[in-house]
Amino acid sequence: MDEGTVEIFLPNSDAVTQQHGFFHGGAIATLADDAAAFAAYTMMEDGRQPLTIEFKINFLAPAEGPQLRAIGTVLRAGRSVAHSRADVFAQATGGEVLVATALATIKATQAVINEQ
Numbered sequence: 002m003d004e005g006t007v008e009i010f011l012p013n014s015d016a017v018t019q020q021h022g023f024f025h026g027g028a029i030a031t032l033a034d035d036a037a038a039f040a041a042y043t044m045m046e047d048g049r050q051p052l053t054i055e056f057k058i059n060f061l062a063p064a065e066g067p068q069l070r071a072i073g074t075v076l077r078a079g080r081s082v083a084h085s086r087a088d089v090f091a092q093a094t095g096g097e098v099l100v101a102t103a104l105a106t107i108k109a110t111q112a113v114i115n116e117q
């Protein structure tokens, strides 16, 4: 994919579904947040990492099927803040269904170095 765009997947399992068998809203939101943040990360300077500072999601349809696919896209990127969008799709018979869309503001923070 191009700089400023990412695609990530979440397979269906009992760990990410709720009582009706649909993907849980928290799992969908996490996937959308990750897609938006990692899209912004593709445009950050070396030594920077993404940190979500604002996030809004709209759930559009129940999410069911073998997996979810999220596409994160940067709408506008500055040196320290990027605005990204994420669309989450569920695989369904006959194609995909848009189940959620999100907007996020992502800050480029100093990279965290894990010394062990």
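According to the working numbering, the residues represented by the sequence shown are 2 to 117, in order.
Note that CB positions come from ideal geometry on N, CA and C, so glycine has one too.
Predicted, not measured: the structure shown is a model, and the values here were computed from it.
What does the Cβ neighbour count give for valine 113, buried or exposed, with the cut at 16 atoms within 10 Å? Classification of valine 113: exposed, given that the 10 Å Cβ count is below 16.
Any beta strand (DSSP E) of 3 or more consecutive residues that is wholly inside the segment 39-112: Here the runs fully enclosed are 49-60, 68-78, 82-93, 96-111.
Name, in chain order, the residues that DSSP records as bridge partners for isoleucine 9. Note: isoleucine 9 sits in a beta bridge opposite Ala71.
Count Cβ pairs between the segment 55-63 and the segment 86-104 that sit closer than 8 Å; are there 3 or more? In short, these stretches touch, since the Cβ pair count reaches three.
Excluding the 5 residues preceding and the 5 following glutamine 68 in the sequence, name in chain order all residues of the same chain whose CB lies nearer than 7 Å to its CB. Closer than 7 Å at the Cβ level, and outside the excluded window around glutamine 68, lie Phe10, Leu11, Pro12, Asn13, Gln92.
Given that a residue counts as buried once 16 or more other Cβ atoms are within 10 Å of its Cβ, and exposed if not, what is serine 85? Classification of serine 85: buried, given that the 10 Å Cβ count is 16 or more.
Whole angstroms are fine: how far does the CA of aspartate 35 sit from the CA of alanine 87? The straight-line gap from Cα to Cα measures roughly 9 Å.
May I have the straight-line CA-CA distance separating valine 7 from glutamine 20, to the nearest angstrom? Their Cα atoms are separated by approximately 30 Å.
Looking at threonine 53 and alanine 38, is the spacing between their C-beta atoms short of 9 Å? A distance below 9 Å separates the beta carbons of alanine 38 and threonine 53.
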